[in-house]
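Right, one structure below, let's go through it.
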Amino acid sequence: MYNYYSRTTMNQQDIVSFARGDVTGDRVPDNVYLTGIKTPASPFTQNITLLIQDGRTGTVKSVTLRENAGYNPTVFLGDFTGNGVDDILISIATGGSGGIMYHYIYSFVENMEYLLFDFNVYNEQYQYDVTYQDQYKVEVVSKINNKKYMIDISTKGTEYLTEIYDGNGKLKSPITGFVNPLSGLYPVDFNLDKRYELLAYQKIAGRYNADSLGYILNTLGWSDNRFVLQNQNVAILGY
């Protein structure tokens, strides 16, 4: 068994996350690493790189990430496509107030790199309109599937509501909110068939980012060589 990166650092880069599993499809466990340059006295990591060491030959291949700097980079191995081979999920926190994350999923069957999921593509595809309505309601429209959701904000508090509504519950002026980019992507085997789906979180915000109204929860599954929307829900905060 090869253990090429047995030390905590290699070529001036730290190993920041590690997982072991068969990602090449030859039924021999491989070593999968995220390496990066840690910032002194800070959890910030730069030049995050994916390294795959073939468990059979010991050969190491590297993959350069488009967004390669952030906090708490992690790697997870699991089968997302149903071919019986582990894929590689990479998650990196941006550290911003919105909790936005970078996520990539790679396939590495037969030592060939293939990008299955790119958070930038997801954010471009999944767009929303958030519009305040009369009578203490906010309408959320998901454009990708033309679904509408209505959030009751009547429990937001008198000070909040009187800034927006008159005494009859009418809007004083038009107000729009927004939905943040991807803030979490979680592997979940909903069907218990050893094939993972993805549960994607996006925060719904009102007048400003801290004005949280709830979350969009999208379930994605692999179909026709891409991740497609299987289910969508809006989760609201209790009071």
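To convert a position in the sequence shown, counted from 1, into the numbering used here, add 164.
We treat Cβ as the ideally placed atom computed from N, Cα and C, and that holds for glycine.
1) Report the rounded CA-to-CA distance for K334 versus Q396, giving the unit in angstroms.
2) Kindly indicate which residue of T383, I328, G378, Q394 has the alpha-carbon position closest to the one of G402.
3) Taking C-beta to C-beta, are I264 and P351 nearer than 9 Å?
4) Label Y290 either buried or exposed according to how many other C-beta atoms from any shown protein chain fall within 10 Å of its C-beta, with 16 as the threshold for buried.
5) Can you list, in chain order, the residues of its chain whose CB lies under 8 Å from that of T223, leaving out five sequence neighbours each side?
6) With C-beta atoms as the reference, is G234 less than 9 Å away from A257?
7) With distances taken Cα to Cα, identify the nearest neighbour of V187 among I328, E277, R230.
8) So what does DSSP say about E361, is it helix, strand or coil?
9) Return the residue from the list D250, I317, N232, V273 that minimises the CA-CA distance to G370.
10) Between P207, F244, G242, A374, which has its C-alpha nearest G404's C-alpha?
11) For the candidate residues Q299, T340, F283, whose alpha-carbon lies nearest to that of Q366?
12) Judging by CA-CA distance, which residue of E361, K307, T213 is the nearest neighbour of T199?
13) With C-beta atoms as the reference, is I368 less than 9 Å away from F342?
14) Tell me whether G219 is buried or exposed, calling it buried when 16 or more other Cβ atoms sit within 10 Å of its Cβ.
15) With a threshold of 6 Å on Cβ separation, who are the neighbours of D353 within its own chain once the five nearest residues in sequence on each side are excluded?
16) Assuming F244 contacts L280 (C-beta within less than 8 Å), just tell me the rounded distance between them.
17) Out of curiosity, what's the CA-to-CA distance linking Y313 and Q299?
18) Give me the Cα-Cα distance between S306 and V192, rounded to the nearest whole angstrom.
19) Can you give me the start and stop residues for the beta strand (DSSP E) that I216 sits inside?
20) Specify, as a first and last residue, the run of the alpha helix (DSSP H) that L253 falls within.
21) Taking the alpha helix (DSSP H) that Q297 belongs to, which residues open and close that run?
22) Using 10 angstroms around the beta-carbon of Y286, count the other beta-carbons present and answer buried if the total reaches 16, otherwise exposed.
The structure says:
1) 30 Å
2) Answer by Cα proximity: G378.
3) no
4) buried
5) Q217, N275
6) Yes, they are a contact pair.
7) E277
8) Collapsing the DSSP output to three states places E361 in a strand.
9) I317
10) No answer is possible for residue 404: it lies beyond the span of the chain, which begins at 165 and ends at 403.
11) F283
12) T213
13) Result yes, Cβ atoms of I368 and F342 sit closer than 9 Å.
14) buried
15) Y360
16) About 7 Å separates the beta carbon of F244 from that of L280, a gap short enough to meet the 8 Å contact definition.
17) 15 Å
18) Cα to Cα, the separation comes out at about 43 Å.
19) 208 to 217
20) That residue, L253, is in no alpha helix (DSSP H); its beta strand (DSSP E) goes 251 to 257.
21) Not the alpha helix (DSSP H): Q297 falls in the beta strand (DSSP E), residues 292 to 297.
22) buried
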